[in-house]
Structure formats: C-alpha cells, structure tokens
Amino acid sequence: MGKKLVFFLLTVFLILMLIVLVKTFTFKSVQPKFKAVKTVSVSDSAVAHLQQGIQFKTVSLSDAAKTDSSVFVAFHQFLHKTYPLIHQKLQLEKVGFTLIYTWKGKNIHLKPVILMAHQDVVPVEKASLAQWKTDPFGGIIQNGKILGRGAADDKTSLFALLEATEKLLQENKQPERTVYFVFGHDEEAGGKGVKAVAALLKSRKIKADWVLDEGGEITKKEIPGLQGTPVALIGTSEKGYLSLDLKVNIEGGHSSMPKAETAVDVLVVAVQKLRAKPFPASFGGSTGDFFKYLGPEMPFTSKMAIANQWLFKPLLFKIYEKSGGGNALIRTTIAPTILQAGIKDNVIPASASATINFRLLPGTSIDAVFKHVKTAIADDRVQLIKQDAFAAEASAVTSTKSDGFKQLEKAIVENYPGTLIAPYLTVGATDSRQLAEISDCILRFVPVTDLEGMHGLNEKAGVDEYKKAIGFYYLLMKGLR
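Next up, the structure:
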C-alpha cells in the first residue's frame with residue numbers, strides 16, 4: 092500500500108512537472124520585430140526651447156481663480172514665436188487656456204489621431220526650495236540633465252511634439268491622417284480643460300482612431316528580472332479615482348471624563364477594518380497583457396511561474412504585494428490620506444473624519460467600492476460621503492491588436508533598438524480619461540527613460556533623452572497610415 096502511494100504521488104509529480112515544462116517552453120515571445128532606423132537629427136535649439144519653456148511658471152491650482160493666467164498667456168506667445176510654421180500651417184483653437192492644434196491629413200476619410208501633453212505643472216513648495224540643486228524654474232542643464240519643474244511632467248513631451256511637428260513641416264511633410272494636438276492647461280488640477288475639449292469634439296461628431304497621452308515610460312530599473320534591459324511601458328488602461336469621506340458624530344466633552352467610546356475611537360476602528368479587508372488581486376486586463384509580453388523574456392524561473400499561473404498565481408500575488416507599486420498593478424488600492432478631529436488638547440471632539448483615496452482596477456466600479464467599504468466597516472455610525480469633484484471610473488482596456496498600439500510599438504522599436512514592449516496599467520490619472528467617448532483606443536506613453544523627480548525635488552530630464560523623444564514623435568507622425 093505504501094509503495095502504491097509513493098508511486099502514485101511520484102506519477103502525479105512527474106505529470107505536473109511535464110505540464111509545467113511544456114507550458115514554459117511553449118511560452119513564446121510576442122515582441123515586435125522592426126529594424127532600427129537612422130537617428131533623427133535634432134538641433135541644439137530644441138534643447139534651448141525646452142529650457143525656456145520650463146522658465147514659465149505654468150502652475151495650475153485646484154482653485155482656478157488663484158491660477159496666474161498671465162503666465163499662460165505669455166507661454167502661448169512664446170510658443171507662437173518659437174514655432175512659426177506650426178502657427179502658419181496648423182489651425183489653432185483655444186478652450187480656455189487649453190490648446191487644440193489641427194494638422195489636416197492627406198486622406199480626410201481616415202479617422203484622426205489625437206496626441207496629447209499638458210502645459211501645467213504642480214507647485215514647488217517654499218519649504219523645499221533649499222533642497223533643489225538649482226532654481227526649480229530655471230531650466231538649467233547640469234550633468235547632461237535639464238532641471239526644473241515640468242522637465243519630467245510634462246513639458247518634455249509637449250516640446251518634443253512641437254519640435255517634431257515643426258521639423259516635419261520644414262521638410263514639407265503632411266501626415267496621412269489628420270492629427271489633433273491637445274495641450275491641457277489644468278491636468279494637475281482635475282483636467283477641466285480637456286473635458287471641455289472632449290465636449291467640443293463630441294459636438295462636432297469627431298471620433299479618433301487612437302489617442303496618445305502621458306503614462307508609462309522606458310525603464311531599465313522597475314521590472315524584476317529585467318533590470319538593465321530597456322522596457323517601454325505602454326499604458327493600455329488607467330485606474331479609476333475615488334475619494335470617500337468617513338465621518339463620525341458622537342457627543343464629545345471634557346478630556347478629564349472620557350466616555351467608553353468617542354468619535355475618534357469609532358473612526359480609527361473603521362479605518363482599521365477597511366485596511367484589513369483589501370480588494371481581491373487580479374492579473375487581468377493590462378497586467379495580463381504585461382505578463383504575456385514580458386514573461387517570455389524573463390529568466391527561466393520567472394518565465395516558468397508566469398507561464399503556469401494556474402499553479403503559481405498565489406506566489407506571484409505575494410511577490411507583487413510586497414511593494415506599493417506592484418500591489419497597485421493587481422488590485423484596487425485603499426489609502427487613508429486625511430484625518431481630522433479635535434480643536435483643543437483637553438476637549439474630546441464630537442466629530443472625526445477621514446478621507447480615503449481609492450484607485451480602481453479596471454473592472455471595479457465606484458458603486459462596487461462603496462459597497463465594499465460599507466460591508467468592511469459594518470457600522471452605521473460611520474457616514475460615507477463621496478467626493479464627486481474628481482471621481483472617475485476606471486478606463487476600458489485598449490487592445491494590443493489595435494492599430495494605435497501597433498504603430499506605437501513600431502516607432503518605439505525603430506527609435507529605441509533593443510527595447511522591449513510591455514502593455515501596462517497606468518496607476519495615475521491622466522487627461523486622456525476625458526476622451527473615452529472620443530476614442531476606444533487610448534494609449535499612455537512618454538518616450539523618456541526612467542523619469543526623475545516627478546512632482547518632487549530636482550525634477551529632471553536628460554538632454555539626450557529629450558532629443559530621442561523628438562525623434563520618436565517624428566517617426567510616429569511620419570509613419571501614420
């Protein structure tokens with residue numbers, strides 16, 4: 092009996108190993124095969140233009156009335172002067188301070204494409220000025236890097252698009268299909284500008300073949316098992332956004348005579364309950380495509396685990412859950428961001444509140460999040476109040492078989508030889524979410540390697556990286572079909 096059991100277990104083990112090995116060795120690469128092209132020549136004046144552009148303090152604020160509109164007026168005048176052919180040959184429209192340039196294509200029967208970037212930047216905190224290596228709005232070059240607010244987010248993309256377009260116009264080129272350039276002015280403050288553009292395009296019954304906005308980047312650092320190998324992360328979907336206020340009202344009093352339970356106690360327990368019940372993990376959508384594209388390129392053990400998720404999925408979940416970035420790719424995240432209670436140290440507050448921010452995985456709705464929170468907390472004393480101002484459902488997932496994705500990966504491989512392509516879930520919010528009704532193919536990618544200092548200290552972009560970005564957009568637009 093013992094020998095039979097051993098034989099049975101050994102047979103099961105061998106069958107499992109056979110299945111694992113077959114799936115691993117048949118897990119073939121789907122990376123595109125394109126030849127590198129000659130590097131696009133870019134003049135040093137292009138670098139100077141980005142430096143000058145950073146010097147405009149195009150800061151957007153949540154309270155639009157406090158935004159310095161004169162800076163945007165001056166910035167637009169600078170663009171007009173710096174890119175004469177664009178302003179002679181393309182149609183310019185303004186929706187508030189958001190810019191729409193229309194470049195008519197040769198074939199008016201083809202759907203247009205929309206290329207996006209945003210003009211605005213986040214503020215620089217006064218308390219952090221001493222930690223900057225240079226003036227945060229100086230656009231100074233140090234060690235081959237252009238420093239300044241907006242260098243990484245998102246003026247490098249904006250100026251690279253403009254430089255590439257001006258160069259194509261100098262060569263008397265015209266795209267096969269119409270191109271709309273949409274440059275938002277308040278992406279960092281909610282994106283009302285592009286939302287208005289979306290309404291305008293919808294009123295004109297314009298449907299775009301595909302849209303490209305900021306999102307993923309080229310990284311040599313972030314992918315376990317592929318460190319040192321350049322990987323272009325193309326955002327094919329975007330997480331949704333929701334903030335909920337949890338509010339508790341219980342009679343307060345003097346701190347010398349505390350009751351058994353206070354508003355703060357109830358709130359703290361509610362937050363703990365919510366954090367103890369995370370949303371389920373999933374490798375679907377863009378993250379599933381990410382594994383499909385990169386799994387075959389990874390070292391054998393990683394390739395084996397990804398090829399056999401039926402067996403190793405729990406292990407993969409544990410690996411991704413270890414880091415904040417990895418966890419954000421596989422589930423709807425829960426982040427307490429604001430806690431408020433009390434006015435004086437000897438007064439028990441009658442009210443306590445917490446703001447919880449959620450980033451929704453595609454497939455999870457705002458209603459589902461609300462129900463999850465209510466079930467997890469299970470306490471009617473905790474009011475749930477939805478903040479509607481920036482709430483947004485998660486996007487649809489763009490197909491990797493779409494024409495837009497194929498054209499994007501072609502331009503990447505041609506301009507950045509040796510770079511791997513990977514579909515990717517964009518965890519932050521972009522202006523492109525406003526165009527969901529204009530196109531069902533929205534892509535998110537910035538042609539820069541390992542962005543540094545975004546929204547933080549010493550934000551920077553490499554001079555050579557910027558020139559390569561110009562070459563990328565040049566090839567992309569030249570190759571439109």
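Residue 92 is where the sequence shown starts when you use the numbering used here, and the numbers rise one by one after that. Glycine included, C-beta positions come from ideal geometry on N, C-alpha and C. Remember, it's a predicted structure, so these values are computed and weren't measured experimentally.
- Beta-bridge partners of Asp-336 (DSSP): Thr-446, Ile-476.
- The beta carbons of Ala-560 and Pro-538 sit about 4 angstroms from each other, so the pair counts as a contact at 8 angstroms.
- Shown here, Thr-117 sits in coil according to DSSP, grouped into three states, outside any helix or strand.
- A contact is defined here as three or more CB-CB pairs under 8 angstroms, and the region 514-534 meets this definition with respect to the region 287-304.
- In the displayed model, Arg-366 falls within a helix according to three-state DSSP.
- Sequence-distant Cβ neighbours of Phe-381 in its own chain, meaning closer than 7 angstroms and more than five residues away, are Ala-513, Pro-514, Tyr-515.
- Only exposed fits Pro-349, as fewer than 16 other CB atoms lie within 10 angstroms of its CB.
- In the same chain as Gly-241, and ignoring 5 residues on each side of it, the C-beta atoms closer than 6 angstroms to its own belong to Ile-145, Val-212, in chain order.
- Here the C-alpha atom of Arg-366 lies approximately 18 angstroms from the C-alpha atom of Tyr-411.
- Contact annotation, Leu-452 with Ser-373: C-beta distance approximately 6 angstroms; criterion of less than 8 angstroms satisfied.
- Runs of the beta strand (DSSP E) spanning 3 or more residues and lying entirely within the region 221-293 occur at 236-238, 270-275, in chain order.
- In the DSSP assignment, Gln-431 falls within the unbroken beta strand (DSSP E) covering 424-432.
- For Gln-210, the closest C-alpha among the options Arg-422, Ala-459, Leu-253 is that of Leu-253.
- The region 278-297 and the region 176-195 touch, with no fewer than 3 CB-CB distances between them shorter than 8 angstroms.
- DSSP places Tyr-565 outside any beta strand (DSSP E); the residue lies instead in the alpha helix (DSSP H), whose first and last residues are 554-569.
- The region 466-480 makes contact with the region 328-347; the number of CB pairs closer than 8 angstroms reaches 3 or more.
- Three or more pairs of CB atoms, one per stretch, sit closer than 8 angstroms, so the region 101-114 contacts the region 393-412.
- In this chain, the beta strand (DSSP E) harbouring Tyr-192 covers 189-194.
- Judged by pairs of C-beta atoms under 8 angstroms, the region 192-204 touches the region 271-283, as three or more such pairs exist.
- Across the structure, Ser-328 and Leu-101 are spaced so that their CA atoms are roughly 44 angstroms apart.
- The beta carbon of Leu-201 sits closer than 6 angstroms to those of Arg-268, all from its chain and outside the five residues before and after it, given in chain order.
- Secondary structure at Pro-514: strand, using DSSP grouped into helix, strand and coil.
- Excluding residues up to 5 positions away in sequence, Leu-365, Arg-366, Pro-369, Ile-447, Phe-449 lie with their Cβ nearer than 7 angstroms to the Cβ of Ile-425 in the same chain.
- The C-beta distance from Ser-248 to Ala-208 rounds to 4 angstroms, short enough to meet the 8 angstroms contact threshold.
- Between the beta-carbon of Glu-257 and that of Tyr-174 there is about 5 angstroms, and that keeps the pair under the 8 angstroms contact cut.
- Taking 8 angstroms as the cut-off, the beta carbon of Tyr-507 is found no closer than this to the beta carbon of Val-121.
- Straight through space, the alpha carbons of Gly-544 and Ile-177 are spaced by roughly 31 angstroms.
- Each of Asp-436, Leu-238, Ala-419, Ser-442 was checked against the Cα of Leu-430, and the nearest Cα belongs to Ser-442.
- Counting along the chain, Gly-326 sits inside the beta strand (DSSP E) bounded by residues 322-329.
- Around the Cβ of Leu-96, a 10 Å sphere holds fewer than 16 other Cβ atoms; the residue is exposed.
- Per DSSP, the beta-bridge partners of Val-204 are Val-270, Trp-301.
- Taking 8 angstroms as the cut-off, the beta carbon of Gly-331 is found no closer than this to the beta carbon of Ala-487.
- In this structure, Asn-549 and Lys-224 form a Cβ contact; the two beta carbons are roughly 5 angstroms apart against a cut-off of 8 angstroms.
- Contact annotation, Gly-326 with Leu-534: C-beta distance approximately 7 angstroms; criterion of less than 8 angstroms satisfied.
- Distances from the alpha-carbon of Leu-567 to those of Asp-494, Glu-184, Val-438 put Asp-494 closest.
- His-209 carries a strand assignment under DSSP once its states are collapsed to helix, strand and coil.
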